[in-house]
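**Q** Would you mind keeping the following structure in view while I ask a few things?
There are 4 protein chains.
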Amino acid sequence: MSNKRIKVTIWNEFRHEKHNDSVAAIYPQGMHTAIAEGLGSDCDITFATLDDAEHGLTEAVLSETDVLTWWGHGAHDEVSDEIVECVYNRVLRGMGLIVLHSGHFSKIFKKLMGTSCDLKWREADEKERIWVVKPGHPIAEGIGEYIELPQEEMYGEHFDIPEPDELVMVSWFEGGEVFRSGCCYTRGLGKIFYFRPGHETYPTYYNPQVRKVISNAVNWAAPVKADYPRYGHAVPSLEPIKEKN
Amino acid sequence: MSNKRIKVTIWNEFRHEKHNDSVAAIYPQGMHTAIAEGLGSDCDITFATLDDAEHGLTEAVLSETDVLTWWGHGAHDEVSDEIVECVYNRVLRGMGLIVLHSGHFSKIFKKLMGTSCDLKWREADEKERIWVVKPGHPIAEGIGEYIELPQEEMYGEHFDIPEPDELVMVSWFEGGEVFRSGCCYTRGLGKIFYFRPGHETYPTYYNPQVRKVISNAVNWAAPVKADYPRYGHAVPSLEPIKEKN
Amino acid sequence: MSNKRIKVTIWNEFRHEKHNDSVAAIYPQGMHTAIAEGLGSDCDITFATLDDAEHGLTEAVLSETDVLTWWGHGAHDEVSDEIVECVYNRVLRGMGLIVLHSGHFSKIFKKLMGTSCDLKWREADEKERIWVVKPGHPIAEGIGEYIELPQEEMYGEHFDIPEPDELVMVSWFEGGEVFRSGCCYTRGLGKIFYFRPGHETYPTYYNPQVRKVISNAVNWAAPVKADYPRYGHAVPSLEPIKEKN
Amino acid sequence: MSNKRIKVTIWNEFRHEKHNDSVAAIYPQGMHTAIAEGLGSDCDITFATLDDAEHGLTEAVLSETDVLTWWGHGAHDEVSDEIVECVYNRVLRGMGLIVLHSGHFSKIFKKLMGTSCDLKWREADEKERIWVVKPGHPIAEGIGEYIELPQEEMYGEHFDIPEPDELVMVSWFEGGEVFRSGCCYTRGLGKIFYFRPGHETYPTYYNPQVRKVISNAVNWAAPVKADYPRYGHAVPSLEPIKEKN
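So this is what it looks like as structure tokens:
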């Protein structure tokens, strides 16, 4: 672990900031910039957005990415299936993936989960309190008991995901719902973390605790040194096999 | 639970039995028939095969299926994406799915797992001993400590699947490998069980313990009574939300 | 499964009902009677209380129990360690255990969990909404999206339990907390379900949905037919072992 | 993560090395010394053994320990319950615990697991091959596909443990058994790893891959910065609670 630099690619749909004045007022440089500011000094950051060539996720960029963060919302369908396939293959080979907020409906998250990833939602300026339910987990380091966000979009259960390998946070919403807000998975060699908050009309990615969670998640999801397993025809055998009749 | 009949659809690729004499000698009526013989008298059985219209998996058949078992091997690619999508949607709505042996590489299993589902394999007539590691699980009921199969194809780790929600069985192979052979998952409302043995050139589906496992799995995977969750826009809220500035 | 009768022993501390008029007004025959009324007609019920000889949990009673439900609160320390050891051994051998509300602090639950089982609490007549987060689970059958209880004691995170094998329900509380309210575990051959609601000063165990959950849980936790595994010295070996130098 | 030194206490029963010549020949300075040699240079090491005062695990030592490794075999019963309670409380507060081989039957492991931790065993100089089944896990970093040990004691399933939070390794044994050999748990804030190999009559703790696993596990189990959660009476409430009638 120690001292290793982490190559992080921050992917942002980057449309709302251009077309919606109130979003632009909050994130004048785009949400990706605010997310980047929250990462540790041990991160080397690359930005990639939907309207870049190949969405900014060329083979060269992906092969040099340790951890990819993903924020998308209105234009999931515009992400090309070929790029999704490349991201998927990189995750199976060890690249970490941090899926943020409305990224729950991205092609890549649905493909890795194997479920619809559907949920309830409501835009009503309501209070969210994100409780830590696994306080010894590296992603919860330094967060304390909960994160309180004065206004956020509501996401409510049922959230149609596979049961998380580790459930780190659960949200309480003013309007009466709960939500599994911090969910860890492994797919192939890659670690995946879904983190709920971050609606584009609120300054959520300036919140120091939210930033700390994302920063912790990037560290947690950084790949370990591991060869991709050998699959396929396994001959000769490791042990002698008795001849049968 | 009690007394309820279970509608089981047994899907078989049903090609090896037609084109390979030694397979035909073992399963003259097709593997699906042998699998059906092992199910309990509380099951109403439908057969469906690759070469049937819509692979035998019409909307009508699927909507009347509680649990689908899946055996495929050489022709995964010939299964239409549309049918896979229908099966997928039925699983998310509660249909159980029992994936057998080489079905690990079926489109439907890979789609539900979100991984490559790759593994090591070897055809060397080797002994397999399937150990029960979760003896209180309903799928292990009546199995005892292990199932010994005198000759089987080897499947070895690493098996590229999400970590199972419940791991019921682990195989020992004569040639030196191990394999997670009985794996439980939930996707949406549907329960999924992957069960390793069943290479077409061996009489595995006549083995009483193997049959017992499949029969137990069908019972375990049968859907409970549950409405499909309501997703989407959740207004009005359940609790009053304070007006913010 | 089908048709099998389930032998349920309902254990109740049965002190509050005797010493507190408002509790007695709600549960004049004791909470155990109200819990029993909610179980299905396929259950054969035995009552056992703290002040019975051996707390009503004699070897004879335990050996004839498929599923034990446990409600205790003020007198956990008066439960004898010997009886706890007997219950523990029965769970490892397959007896189901349903731990209710303040039973989180019982000796038997702490012994099976290996943690403090501590939590936050508040008695403030507040609303609880118990959301189903695993809608296809047998324990959630027929419950719908959530259970709303107009007044309950609050239990809040962090709840110091091992991460549940399956998390079925999460509570929202009026005062701002969340709680993992329906938690499944396996210990040895035995299945364990912790279910949060049921403070003695509220008529919670008359609620039809709460009763349905407990009834479902009893069915889920009923033991499967399985021999207790053989442990210890394993000679001779199953396979020949080469002589080493 | 970066740069932090880890305070490791290596606990050894240290009896076999004194009373058995063949063990002494392999581990003349005790197994703890061999285990220590395998740890990284970022570890500050303390030794503690059964026959030390308070088994070497004084309050002062424990409070300064980030990760404790535990090897015991013949004298589990001589470990005082008071010390076990202190270790247990430290684990819940975040101390990592690495339980080695016959430590499966230690008081502390059984207390944290809540099960018997029983298993099958055989001393027959047989080959063990420990397969990595979760290759992206930090504990498997740099191990490759498997570890082969030419001679070890056999441990076989059923291993009576709670289903691991993460299963990292599974052993194949020459005599025909399998075993879940690398098992991760969380209890309270503390991380626990059980690692199977290490019978006292074999030079297992000199094996570079075995050492790498233990070193990785120490890094993985090192505590994160987290306050111990506040439990108990939670007043006032975070949100206003409506007065009920």
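Protein chains in written order, with my numbering: chain S, 1477 to 1721; chain R, 1477 to 1721; chain L, 1477 to 1721; chain G, 1477 to 1721.
The beta carbon of each residue, even a glycine, is placed where N, CA and C say it ideally should be.
1) Would you please verify whether the beta carbon of P1716 (chain L) is less than 8 Å from any beta carbon of chain R?
2) State the start and end residues of the unbroken alpha helix (DSSP H) segment that holds D1557 (chain R).
3) Just by C-beta distance, which residues in the stretch 1647-1670 of chain S are closer than 7 Å to chain L?
4) Would you check if the distance between the CB atom of V1609 (chain G) and the CB atom of K1583 (chain G) is smaller than 8 Å?
5) Quick one: is H1580 (chain L) buried, meaning 16 or more other Cβ sit within 10 Å of its Cβ, or exposed?
6) Quick one: which chain G residues come within Cβ less than 8 Å of W1597 (chain L)?
7) Under three-state DSSP, which class holds R1481 (chain G)?
8) Chain G beta carbons: is any one of them nearer than 8 Å to that of P1611 (chain R)?
9) Measuring alpha carbon to alpha carbon, tell me which of G:F1523, G:A1710, G:H1495 ends up nearest G1550 (chain G).
10) I'd like the span of the beta strand (DSSP E) that includes D1641 (chain L), first residue to last.
11) Tell me, please, whether the CB atom of V1608 (chain L) is closer than 8 Å to any CB atom in chain S?
12) Report the option in L:L1714, L:S1657, L:S1517 whose CA atom is closest to the CA atom of S1578 (chain L).
13) Tell me whether S1582 (chain G) sits in a helix, a strand or coil according to DSSP, three-state version.
14) In chain S, which residues lie with their C-beta within 7 Å of the C-beta of R1605 (chain L)?
15) Note down, in chain order, every chain G residue with its Cβ under 7 Å from the Cβ of T1591 (chain L).
16) Assuming T1509 (chain R) is part of the alpha helix (DSSP H), what are its boundary residues?
17) Does the beta-carbon of H1613 (chain R) have 16 or more other beta-carbons within 10 angstroms, so that it is buried, or is it exposed?
18) Taking only beta-carbon atoms, is K1583 (chain S) less than 8 Å away from chain R?
19) Against chain G, does E1642 (chain L) count as a neighbour if the rule is that its beta carbon must be under 8 Å from one of theirs?
20) Is DSSP giving D1553 (chain R) helix, strand or coil here?
21) For P1614 (chain G), does the three-state DSSP call read helix, strand or coil?
22) Am I right that G1632 (chain R) and K1596 (chain R) are in contact with their C-beta atoms under 8 Å? What's the rounded C-beta distance?
23) Let me know if K1603 (chain R) comes out buried or exposed under the rule of 16 or more other beta-carbons within 10 Å of its beta-carbon.
24) Using a Cβ-Cβ cut-off of 8 Å, state whether H1634 (chain R) counts as contacting chain G.
25) So, helix, strand or coil for K1720 (chain R), using DSSP?
26) Between which two residues does the alpha helix (DSSP H) carrying P1684 (chain L) extend?
27) If you follow the beta strand (DSSP E) that D1520 (chain L) is in, where does it begin and where does it stop?
28) Between which two residues does the alpha helix (DSSP H) carrying K1494 (chain L) extend?
29) Alpha carbon to alpha carbon, how far is F1523 (chain G) from R1491 (chain G)?
30) Quick check on DSSP: helix, strand or coil for V1499 (chain G)?
31) Is it right to say K1688 (chain S) is buried, meaning 16 or more other beta carbons lie within 10 angstroms of its own, or is it exposed?
32) Distance check for L1625 (chain L) and R1605 (chain L), CA to CA, integer angstroms please.
33) At which residues does the beta strand (DSSP E) containing A1600 (chain S) begin and terminate?
34) Please report the residue range of the beta strand (DSSP E) in which E1624 (chain L) lies.
35) What in chain L is Cβ-close to G1618 (chain R), meaning under 7 Å?
**A** Here's the rundown:
1) Against chain R, the CB of P1716 (chain L) has no partner CB under 8 Å away; the residue lies outside that interface.
2) 1557-1568
3) Listed by position, the residues of the stretch 1647-1670 of chain S near chain L (Cβ gap below 7 Å) are W1648, G1652, E1653, V1654, R1656.
4) no
5) buried
6) Against chain G, the beta carbon of W1597 (chain L) has neighbours under 8 Å at G1708, H1709, A1710, listed in chain order.
7) coil
8) yes
9) G:H1495
10) Counting along the chain, D1641 (chain L) falls outside any beta strand (DSSP E), and DSSP gives it neither H nor E.
11) yes
12) L:S1657
13) Coil.
14) Within chain S, the residues G1652 have their CB atoms less than 7 Å from the CB of R1605 (chain L), given in chain order.
15) Within chain G, the residues near T1591 (chain L) are L1568, R1663, G1664.
16) Its alpha helix (DSSP H) spans residues 1507-1513.
17) buried
18) no
19) no
20) helix
21) helix
22) 4 Å
23) buried
24) yes
25) coil
26) 1684-1697
27) Where D1520 (chain L) is concerned, the enclosing beta strand (DSSP E) starts and stops at 1519-1525.
28) 1492-1495
29) 14 Å
30) It is helical.
31) buried
32) 6 Å
33) 1596-1608
34) 1622-1632
35) K1701
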